[in-house]
Amino acid sequence: MAEVIGRLAPSPTGALHLGNARSFLIAWLSARQQSGKLLLRIEDIDSPRVKPWAQQQTLDDLRWLGLDWDWGPDVGGPHASYVQSERLERYREVLLQLAEDGVIYPCSCSRREVAEAASAPHESSIAGLVPLEGAIYPGTCRSRSSAQATGEFAWRWRFEAGEVSWNDCVGGLQCANPSLQLGDFVIGKSDGTPAYQLAVVVDDFDMGVTEVVRGSDLIPSTYRQLAILKHLRWQAPSYCHVPLMVGTDGRRLAKRHGDTRLSYFRQRGFKPELIVGFLAWTLGLVEKPSPIAARDLIGRLDWKAISTAPTVFSLEAFLTDHA
Ligand code: GLU
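All residue numbers in the sequence shown are consecutive under my numbering, ending with 332.
Following this line, the structure appears as structure tokens:
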């Protein structure tokens, strides 16, 4: 069998919190457990949200947690650069190819127009996640051809009708009709930069990634990425979507739930083993939330033991338990 190549793909848009750390821990564990390789890629093309300090802090946080990588911006590797903002030419080349193939179209609709034209409310059957992503594109510019790319426009992917499915390591069979449930999506932004969907597909392919382990908030994106991969006839990696951590109010872990940044735990003198042990316990990898080093978890990852339900986290309870 071909070697497993996993990846850690942080966006330097803020500090890593416990929820991010949990997905990275599993991505790392899965690759290491299969004696595979792991790359770390910085996804910094979402420029308005990128924070200059976040890249170094992310690397420091992950290392502190006990994770390592074979290739990355700080260690190099056969597919360097591992920083998306340094690969823009490559994304542009693939975007041009897609335009030539006629699978994307120029779209001049503003965000506001899309929101207003789409029928509300935007309930979707994809695990209730799509409403978080905003309106479903109503198809206003769908019949425009690549040759009509003038003025200010973004490139949108034109979904074909029909179902897309994959077998997820955590959630099992995933199946949806993305043209109805997600709608056409932006693949090249109006400022000329690629959208996340394009960059991630090109990178995972170019870098030989065989396994994508990430948070379940990206399930809708997997449908999009599979459509691009299929058109390009590029082999899709396997997908494992780790359930999100939520606060006691059921909402995705965020600032409102208190300070769950890894850097904060680090500054308060928490040992990384304590955080790793706790995260491993929330994933059903160990029976008790006792301290353990990440490397001592190798061999314990069992996808079937991971529940698809979100994990409820209370910082208050955590701090009380670990006072
Ligand atoms: N960079 C993305 C994020 O931090 C993850 C992308 C992916 O894993 O495909 O949310």
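Each residue gets a CB set at the ideal place from its N, CA and C atoms; glycine is no exception.
beta-carbon residue i near the ligand GLU non-hydrogen atom, thresh 7 angstroms
i, result
"P19", "yes"
"R223", "yes"
"L343", "Given a span of 10 to 332 for the chain in the structure shown, any question on residue 343 remains unanswerable."
"V295", "no"
"L271", "no"
"L262", "no"
"L47", "no"
"E52", "yes"
"L227", "yes"
"V209", "yes"
Cutoff 8 angstroms; reference residue i; Cβ partners in own chain excluding five residues on either side
i, result
"L238", "V210, F214, Q244, A245"
"A208", "E52, I54, Q93, R96, Y100"
"W73", "L271, R275, P281"
"G267", "L324, E325"
"V255", "R261, L262, P319, T320, V321, F322"
Residue environment, residue i, which counts as buried when at least 16 other CB atoms sit within 10 Å
i, result
"Q66", "buried"
"W166", "buried"
"K264", "exposed"
"R242", "exposed"
"T269", "buried"
"G180", "buried"
"C178", "buried"
"V84", "exposed"
"C5", "Outside the shown range of the chain, which is 10 to 332, sits residue 5, and nothing can be said about it."
"A108", "buried"
"A163", "buried"
"P252", "buried"
"G278", "exposed"
"S32", "buried"
"S134", "Confidence at S134 is low in this model, with a pLDDT of 48, below 50, so the placement of that residue should be treated as unreliable; the coordinate-derived value is given next. Exposed is the call here."
"A204", "buried"
"D212", "buried"
"T159", "exposed"
"R260", "exposed"
"A63", "buried"
"A129", "Residue placement at A129 is flagged as unreliable, the pLDDT there being 49, under the threshold of 50; the coordinate-derived value follows with that caveat. When all chains shown are included, A129 counts as exposed."
Cα-Cα separation, residue i to residue j
i, j, result
"L97", "D55", "12 angstroms"
"L71", "A326", "24 angstroms"
"G23", "P61", "9 angstroms"
"T257", "R233", "31 angstroms"
"E125", "L48", "41 angstroms"
"S119", "R304", "48 angstroms"
"R121", "I113", "21 angstroms"
"L191", "P229", "7 angstroms"
"R16", "W37", "8 angstroms"
"E282", "S20", "24 angstroms"
"L169", "D200", "A small fix is needed here, since residue 169 is Glu in this sequence, not Leu. Computed Cα separation, rounded: 26 angstroms."
"T317", "S154", "41 angstroms"
"C193", "E296", "This sequence places Asp at residue 193; Cys is not what is there. The straight-line gap from Cα to Cα measures roughly 44 angstroms."
"R151", "P82", "38 angstroms"
"E161", "I145", "21 angstroms"
"P187", "E102", "25 angstroms"
"P298", "D330", "10 angstroms"
"V59", "G143", "21 angstroms"
"T231", "D110", "21 angstroms"
"L105", "T202", "12 angstroms"
"E12", "M216", "13 angstroms"
"K198", "P57", "13 angstroms"
"R50", "A18", "5 angstroms"
"G148", "G224", "29 angstroms"
"C116", "H240", "20 angstroms"
"V123", "V195", "12 angstroms"
Cβ neighbours of residue i in the same chain (closer than 6 angstroms, five flanking residues each side left out)
i, result
"N176", "L182"
"R41", "I307"
"K46", "I14, D79"
"L34", "L288"
"G86", "W80"
"L271", "L25, A30, D70"
"T291", "T320"
"T219", "V13, I14, P246"
Chain-order list of residues whose beta-carbon lies under 7 angstroms from that of residue i (same chain, five-residue window excluded)
i, result
"L235", "V173, W175, A245"
"P300", "K280, E282, L283, G286"
C-beta neighbour in chain B for residue i, strict 8 angstroms
i, result
"A185", "Looking at the structure shown, chain B is missing, and only one protein chain is on hand."
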